[in-house]
Structures are given as C-alpha cells and as structure tokens.
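Asks: Residues are numbered in this note's numbering as their position in the sequence shown, beginning at 1, plus a constant of 456.
Beta carbons are placed, not taken as given, at the ideal position from N, Cα and C, and that holds for glycine.
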Amino acid sequence: MDLPRRSGILLHITSLPGGAYTGDLGPSAHGFADFLAEAGQGWWQTLPLNPIGDSESPYSSISAFACEPLMISPEALVEDGLLNERSLRSLPNGSKTAKADFVESKRVRSKLRMEAYRTFLDRGSQDMRLSFGEFRERERGWLDDYCLFTTLRSRCGTADWTTWPEDLARRQPSVLSAVSEEFAGEIDYYAFEQFLFDRQWQALRRHCKNRHVGIFGDVPMFVSHQSADVWAHPEAFLLDERGRPSFVAGAPPDAFAADGQRWGNALYDWEHHERTGFAWWKSRLERQLELFDLLRLDHFIGFTRYWRIPSDSQTAMDGQWIDAPGHAFFDQLTREHGELPFIAEDLGAVSQEVWDLRDHYGLPGMKVLQFAFGGDPENRVHHPDEYPRKSVAFTGTHDSNTMLGWYRDLERRAQSNDANAEVDLQRVQSYFGTSRDVDVVDAAVRTLLASPADTVIVPLQDLLHLDERHRMNRPGTTNGNWTWRLEQGQLSHGLAMRLRALAEATGRL
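#1: Verify whether the separation of the beta carbon atoms of residue 796 and residue 457 is less than 8 Å.
#2: Using only alpha-carbon positions, find the residue among 563, 475, 603 and 469 that is nearest to residue 518.
#3: Please classify residue 857: does DSSP put it in a helix, a strand, or coil?
#4: Using the Cα positions of residue 503 and residue 641, report the straight-line distance between them to the nearest angstrom.
#5: Would you say residue 848 and residue 911 are within 8 Å of each other, going by their C-beta atoms?
#6: According to DSSP, simplified to helix, strand and coil, what is residue 620?
#7: Decide yes or no for the touch test of the region 945–957 against the region 488–506: beta carbon pairs closer than 8 Å, at least 3 of them.
#8: Go through its chain and collect everything with a Cβ distance to residue 685's Cβ below 6 Å, but skip five positions before and after it.
#9: Looking at residue 802 and residue 756, is the spacing between their C-beta atoms short of 8 Å?
#10: Could you check which residue in 613, 906, 770 and 465 has the C-alpha nearest to that of residue 669?
#11: If we call anything under 8 Å between Cβ atoms a contact, is residue 530 one with residue 577?
#12: In terms of residue numbering, what span does the beta strand (DSSP E) encompassing residue 759 cover?
#13: What's the C-alpha gap between residue 846 and residue 610?
#14: Locate the alpha helix (DSSP H) running through residue 643, then write down its first and last residues.
#15: Alpha carbon to alpha carbon, how far is residue 822 from residue 773? Give it in angstroms, no decimals.
#16: Please name the residue, chosen from 781, 532, 601 and 904, that lies closest to residue 482 on a Cα-to-Cα basis.
#17: Measuring only the C-alpha atoms, how far is residue 539 from residue 866?
#18: Inspect the beta-carbon positions of residue 915 and residue 962 and report whether they are closer than 8 Å.
#19: For residue 817, which residues of its own chain have a beta-carbon under 7 Å away from its beta-carbon, when the five flanking residues on both sides are left out?
#20: In the DSSP assignment, the alpha helix (DSSP H) including residue 747 goes from what residue to what residue?
#21: Compare the beta carbon distance of residue 967 and residue 470 with 8 Å and say whether it is the shorter of the two.
#22: Taking its Cβ as the centre, do 16 or more other Cβ atoms sit within 10 Å of residue 614, making it buried, or is it exposed?
#23: Along the beta strand (DSSP E) that carries residue 674, what are the first and last residues, could you check?
#24: Taking 8 Å as the cut-off, does the region 641–658 touch the region 710–728 (at least 3 CB pairs, one atom from each stretch)?
#25: Count the C-beta pairs between the region 699–707 and the region 744–754 that are closer than 8 Å, then say yes if the count reaches three, no if not.
#26: Cβ atoms of residue 512 and residue 777: under 8 Å apart, would you say?
#27: Alpha carbon to alpha carbon, how far is residue 527 from residue 626? Give it in angstroms, no decimals.
#28: Please go through the same chain and pick out, in chain order, the residues whose beta-carbon is closer than 7 Å to the beta-carbon of residue 781, but skip the five residues on each side of it.
#29: Determine the contact status of residue 473 and residue 942, defining contact as a CB-CB distance below 8 Å.
#30: Who are the near neighbours of residue 480 in its chain, counting only those whose CB is closer than 6 Å to its CB and skipping five residues on each side?
#31: Going by DSSP in three states, residue 887 sits in which element: helix, strand or coil?
#32: Between the C-alpha atoms of residue 721 and residue 633, what's the straight-line distance to the nearest angstrom?
#33: Any idea which residues DSSP pairs residue 779 with across the strands?
#34: Taking only the alpha-carbon atoms, compute the straight-line gap between residue 546 and residue 570 and give it to the nearest angstrom.
#35: Applying the criterion that 16 or more other CB atoms from any shown protein chain within 10 Å of the CB defines a buried residue, is residue 586 buried or exposed?
#36: Under the rule that 16 or more other beta-carbon atoms within 10 Å means buried, what is residue 838, buried or exposed?
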C-alpha cells in the first residue's frame, strides 16, 4: 500500500480535554481535528476504541467489535434532543482534572446515557428510530452477542463466562432465547449505546474528512478470554472442555524480562480460522474499517508465529513458538479486498519471516526514533536516514517514554556512570547537534519529518515538550496508565503554525 507523504499526531480520545473526567467525541474532538487541519497534518492516530478492560487498558476489552460508551459526548446528546442543557449544567467540571478518572466518568456518564435512552423511548424522532433500526440490522453479526454478553455480565456480576450457569456458558439456544426475551430492555439499551457512539463517531469522521484529515486506528492482535468474542465463538479459540484457555498468549524471555511475559489472552485456533476462510477475522477487520481510514496491526509477528504458553504455567518460560498461517490469511484478504490499508507493527524481537510477510503484501512497517541509538547494530534500521519510503515513523509510541522523558532518563543514567548510557548520550547529542533537552526534542521531530518515510506520527506529548510524568503507558505495570489528558489551552495557534511550516518545508503539507 502506497501512502501519500503526510504527518500526523497520536492522541487517544480519552486524552482530550473537556467533558466529565474523560475526553469524548464532542466539541474537543472536533476542535482537535480543526487544530490538525490548521497545522497541516494529515493523520490523527488513536488507540483502540473498544470498551476498556482491566486497568482501563484499551488493549484488553470485552469486545473486539464494540466501542467504549464513555466516549459518547453529552453535548452531542443535547444537540440530538436526548438531553437538556440542565443535565450538562449539573455535571462536575471534569475538565479540570489533570488526569482521566475512569471511575468517576463511568458513574456520571452512565446516568446521562440512561437519561438519553429514556428520552429516546418516550419521544425520539422518527428519523433517529429508523437510523437505530438500520444500525442494529447492519451490525447484527456482532451486536446481538455483545449486548447479550454485557447484560449477562451485569446480571452474573462477572465477565468470566465460564463461571456463569452452564446453560448460559454453553449458549444453549432455548435458554439464550428465553433470557433475550426476559432482558430485552437491557439488551436494547446496550445496542442504543453502540448506536450513539457510531452516530457521533461518523459525524467526527465527516468533520475530519472535510478537513483532509484521516483517522488511523489500532487493532490488538489478541482478545480477552473474558469477552463476548470468545463466549460467542469458543470454537475459534484454543479452549479446554470447561471453556477455559488451554494455552495463553505472551512473549518469550529476553533481556528485559527474564521470565518472559505472560499476557493471558486466549489463543486463536488458526486451523479453525483457515477452514472457515478466516470469516471471524475478516468480520473484525471490516468492522474496524467502518471506523478508520488506516489500521495498525499490533503484534504483527502473531500472523507468522506466536508464543504458546500452557495455561497452568505461571511464567512464559515454558512456552514455545507455533507457526500461524499469515500468508493464507493475507492471500484471502487480498483476493477479496485488493490493496490492504494496514500498517504492520513489526517491532521487537521479530524474525526475517515477519519482514517477508510484511513486504510480500506491500504493508508499511514501523520505525521508532527512540530505538535508533543503542549499541546493537540492528538499531540502525531506526535511524531516520535509513528509513524506507514505505514506512511509518514515530518519535515514540504509546508504550514508550515521552521524547523529553527518554532523553532526560538517558542523561541521568549517563551521570550515574552507566557506560552504555554515556555512549548512547554522545550518539544522540552528535546526531542532533545539541545537548539541551528541549532542543533535542525539536530536532527529533524535525529530523523525523525530513526523513524519507511517507508517514510520520508524533505523540502530542512530544510536540508539547512534556516529560515522563505525561507518558501514556508503562508496560509491565497495571496502575496509573492510560490517564494522561491534554489540558485546555495547551494547543496554540503558534504551535499550529510552527507545525504547518515544518510540514510544508518537508513536503508533508
């Protein structure tokens, strides 16, 4: 896939300012799209939109198809006549919170969504009722299972469906039919939430498109075992007779994790997927392409091989590599869809077969500037002068430190007589021609935009010169992540003009 020479910004929806405790799809989202257009940027990259799971992570969700209701904008519900202005005036001023507060956001926003639903039932317009019916019919392939799963999760008090009554866990048709009738109102409400999200998201997409801004999404490789997907399609995953994972996902031991990483996600039964023409995977990606213009395929290595860990192992050390049918999968997609609007996340301990799969289907890979300065010769591929045209370059990712935090950490380690850090620091300062931390950040952004890579994405924290306190995620930790928020007023006209000039100078306007 050939992409135009453009640049963009990484900012998740929940990190937007305004709203009650978390960002949403309302005025601040539309305002950020306006900022991108003013700054001459062509891409807005977000994290996954799926319902957030454990530790507020968008990468651990109860559904690979549904979207997070917290992102529904109360202001947009007022515009649709489903809430009144008094409802908004009663909201706490969550925009003043320095970080996202998901607990409070859920508490406040769930009440507003229920109020909007009751208004819809009482006096919703004929056009909206028709649109809701069309949405339910169009998305029935995943929506019915998601809404029933969410209802049963609430009723049973847990998303661990293997602990539900056996007839529900095993999806006995007569029982599912009975509970669907009994809880029809709750099921309808959860469908309505998804309809509201879709209505607001498509309005935002139109707003972006009118400003020549594309939206760049993210597809996690694995799904949570405690999800509507695994409950509804147990045959598509490696499960035991009780429905629990026989094996779980993770990564092998390396220099950063002596025991490896045990993620715990259910693994795909790739033989089943191949027999069914990859129907579930195709539905999943088609759904994501209803939402996004471009998709990053996270953990792309998983399409060539995956680290399979016995579920009773407490670490990843007992795992083994198992081949996955990546060529068969992408052959099928190419036959049906032609050019694939995907980016391969090909970072980490990948092998030649991963790059071969990526290149065979013409998918751009990823380059990360922070990876360029270590002593390993393989880091050379992350030097901007080495980037191939068909690549997507980042200063850092949602999992890495901010650029300023990364540089200051390197300085601290060098000052502590870490010999490797001293060498790396010298490399960085020589490459960028400066030792002042903020100047290094600016030089990194300039260098990235001037590189041969067709696409450059910069996390907003780097453009704002924010330090490690403002990073989005710290892998290997479960507390305090995903909560960073942009503050009102941090996006200035001056910043937009500087970015626009840089985009024009580097041929990315």
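Replies: So, to answer that:
#1: One-based indexing of the sequence shown puts residue 796 at position 340. One-based indexing of the sequence shown puts residue 457 at position 1. The answer is yes: Cβ separation under 8 Å.
#2: What you label residue 518 is simply residue 62 of the sequence shown in a count that begins at 1. The shortest Cα separation from residue 518 among 563, 475, 603 and 469 belongs to 603.
#3: As a working mapping, residue 857 is identified with position 401 in the sequence shown. Three-state DSSP puts residue 857 in coil, outside helix and strand.
#4: The residue labelled residue 503 in the question sits at position 47 within the sequence shown. The residue labelled residue 641 in the question sits at position 185 within the sequence shown. Each residue's alpha carbon lies about 31 Å from the other.
#5: For the purposes of this step, residue 848 is identified with residue 392 of the sequence shown, where counting begins at 1. For the purposes of this step, residue 911 is identified with residue 455 of the sequence shown, where counting begins at 1. Contact flag set, yes.
#6: For the purposes of this step, residue 620 is taken as the residue at position 164 of the sequence shown. Three-state result, residue 620: coil.
#7: yes
#8: Reading the sequence shown from its first residue, position 229 is the one you call residue 685. Result list for residue 685: 520 and 679, in chain order.
#9: The count along the sequence shown starts at 1 and reaches residue 756 at position 300. The count along the sequence shown starts at 1 and reaches residue 802 at position 346. Yes, the pair counts as a contact, with Cβ atoms nearer than the cut-off.
#10: In the sequence shown, the residue the question calls residue 669 occupies position 213. Ranking 613, 906, 770 and 465 by Cα distance to residue 669 puts 465 first.
#11: Looking up residue 530 in the sequence shown gives position 74. Looking up residue 577 in the sequence shown gives position 121. Result no, Cβ atoms of residue 530 and residue 577 do not sit closer than 8 Å.
#12: Here residue 759 refers to the residue found at position 303 when the sequence shown is read from its first residue. Per DSSP, residue 759 belongs to no beta strand (DSSP E) and is neither H nor E.
#13: Residue 846 sits at position 390 when you count from the first residue of the sequence shown. Residue 610 sits at position 154 when you count from the first residue of the sequence shown. So the alpha carbons of these two residues sit roughly 46 Å apart.
#14: What you label residue 643 is simply residue 187 of the sequence shown in a count that begins at 1. Per DSSP, residue 643 belongs to the alpha helix (DSSP H) from 640–665.
#15: For this step, residue 773 is matched to residue 317 along the sequence shown. For this step, residue 822 is matched to residue 366 along the sequence shown. Each residue's Cα considered, the two are about 28 Å apart.
#16: Here residue 482 refers to the residue found at position 26 when the sequence shown is read from its first residue. Cα-wise, what sits closest to residue 482 is 532.
#17: Along the sequence shown, one-based indexing puts residue 539 at 83. Along the sequence shown, one-based indexing puts residue 866 at 410. Rounded to whole angstroms, residue 539 to residue 866 spans 51 Å at the Cα level.
#18: In the sequence shown, counting from the first residue as 1, residue 915 sits at position 459. In the sequence shown, counting from the first residue as 1, residue 962 sits at position 506. Result no, Cβ atoms of residue 915 and residue 962 do not sit closer than 8 Å.
#19: The sequence position of residue 817 within the sequence shown is 361, counting from 1. Within the same chain, residue 817 has close Cβ partners 786, 790 and 796.
#20: Stepping through the sequence shown from its first residue, residue 747 is reached at position 291. Start and end: 735–747.
#21: Residue 967 cannot be examined here, being either before or after the span of the chain that is shown, 457 to 965.
#22: Position 158 of the sequence shown, counted from the start, is the residue given in the question as residue 614. Burial call: exposed.
#23: The residue given as residue 674 occupies position 218 in the sequence shown. 670–675 is the extent of the beta strand (DSSP E) around residue 674.
#24: no
#25: no
#26: The residue labelled residue 777 in the question sits at position 321 within the sequence shown. The residue labelled residue 512 in the question sits at position 56 within the sequence shown. Going by C-beta atoms, residue 777 is not nearer than 8 Å to residue 512.
#27: As a first step, residue 626 must be located in the sequence shown, where it is residue number 170. As a first step, residue 527 must be located in the sequence shown, where it is residue number 71. Taking the straight line joining both Cα atoms gives about 32 Å.
#28: Position 325 of the sequence shown, counting from 1, holds the residue named residue 781. Cβ neighbours of residue 781 beyond the five flanking positions: 726 and 730.
#29: As a working mapping, residue 473 is identified with position 17 in the sequence shown. As a working mapping, residue 942 is identified with position 486 in the sequence shown. In contact: residue 473 and residue 942 (Cβ atoms closer than 8 Å).
#30: On the sequence shown, position 24 is the one that residue 480 refers to. Contacts found: 527 and 529.
#31: Position 431 of the sequence shown, counted from the start, is the residue given in the question as residue 887. Here residue 887 sits in helix by DSSP.
#32: As a first step, residue 721 is located in the sequence shown; it is residue number 265 there, counting from the start. As a first step, residue 633 is located in the sequence shown; it is residue number 177 there, counting from the start. Using only the alpha carbons, I get a separation of about 29 Å.
#33: Looking up residue 779 in the sequence shown gives position 323. DSSP, once it has assigned bridges, lists 761 as partnering residue 779.
#34: Within the sequence shown, numbered from 1, the residue matching residue 546 stands at position 90. Within the sequence shown, numbered from 1, the residue matching residue 570 stands at position 114. One C-alpha to the other measures close to 15 Å.
#35: Counting from one through the sequence shown, the residue named residue 586 turns up at place 130. By the 10 Å Cβ count, residue 586 comes out exposed.
#36: Translated into positions along the sequence shown, residue 838 becomes position 382. Buried, since its Cβ has 16 or more Cβ neighbours within 10 Å.
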